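Contents: one structure, followed by commentary.
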Amino acid sequence: MILMQLNQLTKRFGAELILSNIKLEVQMNDRIAIVGRNGTGKSTLLKMMAGEMSYDSGDIFKPKETTVGYLAQDTGLQSEETIWNEMEKVFSHLKELEDELRTMEVNMADPDLMDDPDRYQQLLSTYDRKQEYFKTAGGYQYETEIKSVLNGLNFHNFDWNTPITSLSGGQKTRLALGKLLLTSPDVLILDEPTNHLDIDTLSWLEGYLQGYKGAVVIVSHDRYFLDKIVNTVYEIAFQSSKKYPGNYSDYLKKKEADFEIEMKHFEKQQEEIKRMEDFIQKNIVRATTSKRAQSRRKQLEKMDKLEKPKDDNQSAKFSFQVSKKSGNDVLKLRELGFKYNEDSYVFENVSFDLNRGDSVALVGPNGVGKTTLLKTILGELKAAKGDMKLGTNVQIGYYDQEQTKLNPKKNVLQELWDDYPFKNEKDIRTVLGNFLFSGEDVLKPVSALSGGERARLSLAKLMMLEANFLVLDEPTNHLDLDSKEVLEAALIDYPGTLLFVSHDRYFINKIATNVVEMLPEETRLFLGDYDYYVNKKQEEYELQQIEEAERLENETQTKEPQAKNSFQEDKAVKREERKKNRRIAEIEEEIEELEAKLEEIEELLCDPEVYQDHERSLELTESSTQTQQRVEKLMEEWESLHE
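Residue 0 is where the sequence shown starts when you use numbering that gives the first Met the number 0, and the numbers rise one by one after that.
If you want it as structure tokens, here you go:
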């Protein structure tokens, strides 16, 4: 089923053409990524699809019943309500319907209504229809859905009665995403939904979107996320769109293959045109060959000439070199700990080694102190305990995710040249040109640069340093997909040592030789990339589950006298668990019987002979109300036991 279709869509901002000839189709269960360089109009396209922005020409076809939900980039939820009350607003129609059903149940028990069989039958029919809708629309499950989404978006440690106005910008953005997910539109349009999400939350969102009932259209710079979610990619380049089946990695392979094929066809035709032109030039004036030359000229004029395949716009080009080699031992950390005050440690017991040539990703939950650890290694912060030792000839280069080292009062040229005053201007401009700062761009003030431009300028400064130990804090933030791939290529060939923090799992997979997991009380080393780290964690979890089951079984079988008390306690716990499970089974069985009884009552009430018997109708209505109340109490007990 087609949910939305875009045909020949065009958009201009003033005289500037942003998008043209855009063709795109969204079908049920589609998972679509829209990719392209920064500034190609991806967000503009999403806004037009969501009805948030007009377009100049073309058509958007959408069935009237199709619902569309849109989350703009970094949209924070603005509300005076608490977290729970705001999420519950999504289901306000179900709460109102529930109140209406309770009122109808009271009315059905009114003896005066029995005197009017037509009105009574109408009420029963309306009640039956609304109750069925309430059930199928999730009237009994919406609270569970709210809890699931809030927990998944990392609000499990929050008091859900917290006012939204007291939350940070990132938390408000996560709540906006959560509220949109709860609305479950037919077409879910998300612009950079992975911003402000840690790796655990990203994994939850991937699972949620994989099981989403409608269609999903996404713009994201998170390539790992796109590989997990999407089955179709639309590339926006040169104002137009092109469709590629498969995920992001499939798109890259297909795009490269298509470009090579198109280029070969173009070059082959150009060779043929050159041969024909040479023949015409040599033979057009000869009497014996003039007719053949004229024939070739007509063929050439009629030829459907291919355009040269367009390559993407210019990419940044750079590589990281080292001015001198470090020793084999680059960094040793032993039981390192840091705290801002006397109350508690931000992190402690951090221990690992870095050797020359290592590329180590530092991962862990938000707030565990990864950036703080990097600043401690740099000497910007002083450790509260433990030992840290840098190796021989180690020169550190640091990439700060906030780009705080850039001077907003300088222009781009000054920012780089002032650090290397003995280099001539031409060399500095050449370096900046490699990072896509050309012509008048080098005179732009740093304060006026976009996030991506500031990132490129910081990388240019880092490259010029020629340090043999690079410490990188979220280096892919603000970079478009192409710039990320250029950075990856540069770091893969880097001859020095890398320690980096990143939420970009695709980047970690490409760069890391080892992963260090940082937890509040310890660090753990995994000898592989991100996928290896995830697989080992899963294996450990499964092994832990098996060992726990075996431990419980062994404890049950233990006969030693000294274990008698713990055995009895464990026995009591198991007894309570069995008792709870039996009660759950009893409740489910009773609910099933009561629902069957309700269906039987409703069928009887629809019988003309029964509803004309006022006493019998009243008796059945009261029985239905009591039965429904009993079902609700049992459902509450069932939920309580499961929690």
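The beta-carbon is built from N, C-alpha and C at its ideal position, and this holds for glycine as well. Predicted, not measured: the structure shown is a model, and the values here were computed from it.
Problem set entry | According to DSSP, residues forming a beta bridge with I545 | Paired residue(s): none; I545 is not in a bridge.
Exercise. Would L412 pass as a contact of R428 if the rule is Cβ separation under 9 angstroms?
Worked result: yes
Exercise. Assuming I235 contacts V362 under a Cβ cut-off of 8 angstroms, what Cβ separation, rounded to an integer in Å, is found between them?
Worked result: Not quite, the Cβ-Cβ distance comes to about 32 angstroms (not below 8 angstroms), so this is no contact.
Exercise. With distances taken between CB atoms, is the gap from N508 to D530 smaller than 9 angstroms?
Worked result: yes
Exercise. Who does R333 pair with in a DSSP beta bridge?
Worked result: D386
For this session: Answer with yes or no whether the minimum CB distance from F434 to chain D is below 9 angstroms.
Result: Protein chains in the displayed structure number just one, and chain D is not present.
For this session: Report yes or no: do three or more beta-carbon pairs, one from the stretch 221-238 and one from the stretch 23-40, lie closer than 8 angstroms?
Result: yes
Problem set entry | Exposed unless 16 or more other CB atoms sit within 10 angstroms - verdict on K388 | exposed
For this session: Give the C-beta separation of T81 and P162 to the nearest angstrom, bearing in mind that I take them to be a contact with Cβ-Cβ under 8 angstroms.
Result: 6 angstroms
Problem set entry | Per DSSP, cross-strand counterpart(s) of K443 | In DSSP, K443 forms no bridge with anything.
Exercise. Three-state secondary structure (DSSP) at K242?
Worked result: strand
For this session: Report yes or no: do the stretch 333-345 and the stretch 367-380 share at least 3 C-beta pairs separated by less than 8 angstroms?
Result: yes
Exercise. Starting from K10 and walking both ways along the beta strand (DSSP E), at which residues does that stretch end?
Worked result: I1 to F12
Exercise. If we ignore side chains and look at the alpha-carbon of each, how far apart do E300 and E270 end up?
Worked result: 16 angstroms
For this session: Identify whether G495 lies in helix, strand or coil by the three-state DSSP scheme.
Result: coil
Problem set entry | Given S482 as reference, the closest of M463, A454, I491 and R504 once Cα atoms are compared | A454
For this session: Please classify V643: is it buried, with 16 or more other beta-carbons within 10 angstroms of its beta-carbon, or exposed?
Result: Past the boundaries of the shown model lies residue 643; the chain is included only from 0 to 642, so the question cannot be answered.
Exercise. Mind checking R355: buried by the 16 CB within 10 Å criterion, or exposed?
Worked result: buried
For this session: Sort out for me which residues DSSP pairs Q170 with in a bridge.
Result: Answer is none; Q170 lacks a bridge partner.
Exercise. Hey, would you say V514 sits closer than 9 angstroms to V359, going by beta carbons?
Worked result: yes
Problem set entry | Contact belief for F317 with M462 at Cβ below 8 angstroms, rounded distance in angstroms | 5 angstroms
Problem set entry | Close beta carbons around D492, own chain, < 7 angstroms, minus the five adjacent residues each side | S318
For this session: Determine the extent of the beta strand (DSSP E) in which F60 is found, giving its start and end residues.
Result: S56 to F60
Exercise. Ordered along the chain, which non-local residues of its own chain (more than five positions away) have a Cβ less than 6 angstroms from that of P494?
Worked result: V321
Exercise. Just reading off the beta strand (DSSP E) that V514 is part of, what are its end residues?
Worked result: N513 to M517
For this session: State the Cα-Cα distance for the pair G169 and L76, rounded to the nearest angstrom.
Result: 10 angstroms
For this session: Return yes when the Cβ of L93 is within less than 9 angstroms of the Cβ of G57, no when it is not.
Result: no
Exercise. For K535, which residues of its own chain have a beta-carbon under 7 angstroms away from its beta-carbon, when the five flanking residues on both sides are left out?
Worked result: F525
Exercise. Are there 16 or more other CB atoms within 10 angstroms of the CB of D190, so buried, or fewer, so exposed?
Worked result: buried
For this session: Compute the Euclidean distance between the alpha carbons of A175 and E608, then round it to the nearest angstrom.
Result: 54 angstroms
Exercise. Whose CA, out of Y398, F421 and Y505, lies closest to the CA of V470?
Worked result: Y398
For this session: Using only alpha-carbon positions, find the residue among S165, D479, K253 and L16 that is nearest to Q644.
Result: With the chain running from 0 to 642 in the structure shown, residue 644 is simply not present.
Exercise. Where does P162 fall in DSSP's three states?
Worked result: strand
For this session: Report all residues from its chain with a CB closer than 6 angstroms to the CB of T65; omit the five preceding and five following residues, and keep chain order.
Result: L2 and D185
For this session: Alpha carbon to alpha carbon, how far is N340 from E484? Give it in angstroms, no decimals.
Result: 41 angstroms
Exercise. Quick one: is G326 buried, meaning 16 or more other Cβ sit within 10 Å of its Cβ, or exposed?
Worked result: exposed
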